[in-house]
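Chains as they are written, first to last, in my numbering: chain A, 36 to 178; chain B, 1190 to 1315.
Ideal Cβ placement from N, Cα and C applies to all residues, glycine included.
From a predicted model like this one, the values you see are computed outputs, not experimental measurements.
See structure below.
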Amino acid sequence: MRRALLILALCLAAGVALAQAPKIKGGRPAWAELTVEQQHILAPLKADWETLEQVRRREWIGIAKRYPNMKPQEQERVQKRMQAWVKLTPEERRQARENYKRIAKVPPEERGNLREQWAEYQALPPNERQNFAPPQATAKKKK
Amino acid sequence: MNEPQFGDKIRHILNQGLSLDPRKAERLKAARELALARKRPEPVGALAWAGDMVGDLGGWTGLSLRVLAPIVMLLIGFGAIYTWQQNQRADELAEIDAQVLTGDLPIDAYLDRGFQNWLKTRAAEQ
């Protein structure tokens, strides 16, 4: 009787394992498995979707979940930046996230208008901009 | 009464045979049949087959079953924890990436080492 229970438990376990397998293995969910709404929001990623690993697919689904709560201007930004973001290397994304967090830590009144400052920086002559980017760091970034 | 005498007596009684009146005999027969009819049936079908199979398996893989079952359970446990952790991580990344993607600065600005240093210098000057 105990053995029969054991066999039953094993069969159940195998069933659960099989059910879990596709999720762990990666490649899920496929583009076709997304809801119509998710496909609509993530449309710029359609071509790259199949190359994304499991975690990143889940991440984008997480972003799609937050999308309806974003302001129209934010939604527009997400749509514009999505493709560039997905094409970055993991290291570049890590770097961008770190810099974002660092800037976000500064109180808004001290931070000033970031868009204006970015425009100001870009307007600097190239040699002046070069002063702020150490050569080895630039080389590292390009890798 | 010694032993041979006692034996003779028993033999004598046994030789006489059992004399029951037919009504008693009939009632005993009926009771016996009723008891047989109510007897639990032998295990048949799936259960008997499973029992046999487990018995056969127990012969040579009983031990490995006892060892395998916990291992399989453990693996499933690890799988579940792994999946849960991946989901947690994906959710954390989604949170921060949603902020980067909606933020005031374009992605290039966060990747531009020069701009980051320029911002730091400016903050230090002020």
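In the DSSP assignment, Thr-1310 (chain B) falls within the alpha helix (DSSP H) that extends over 1302 to 1314. The C-alpha of Ala-1313 (chain B) lies about 43 Å from the C-alpha of Trp-84 (chain A). Chain-ordered, the chain B residues with CB closer than 8 Å to the CB of Gly-97 (chain A) read Ala-1279, Asp-1280, Leu-1282, Ala-1283, Glu-1284 and Ala-1287. Put simply, of A:Ala-99, A:Glu-145, A:Pro-161 and A:Glu-155 the residue whose alpha carbon is nearest the alpha carbon of Thr-70 (chain A) is A:Ala-99. By the C-beta density criterion, Glu-94 (chain A) is buried, having at least 16 other C-beta atoms within 10 angstroms.
With respect to chain A, the C-beta atom of Gly-1266 (chain B) has no partner C-beta closer than 8 Å.
About 6 Å separates the beta carbons of Gln-130 (chain A) and Leu-1300 (chain B), which is inside the 8 Å limit, making them a contact pair. Residue state for Glu-88 (chain A) is assigned as coil, using DSSP reduced to three classes. For Trp-1307 (chain B), the chain A residues whose C-beta falls within less than 7 Å of its own C-beta are Tyr-156 and Phe-167, listed in chain order.
Put simply, the backbone Cα of Arg-1216 (chain B) is about 15 Å away from that of Ser-1208 (chain B). Arg-112 (chain A) places its beta carbon 8 Å or farther from that of Ala-1287 (chain B). For Gly-1268 (chain B), the three-state secondary structure derived from DSSP is helix.
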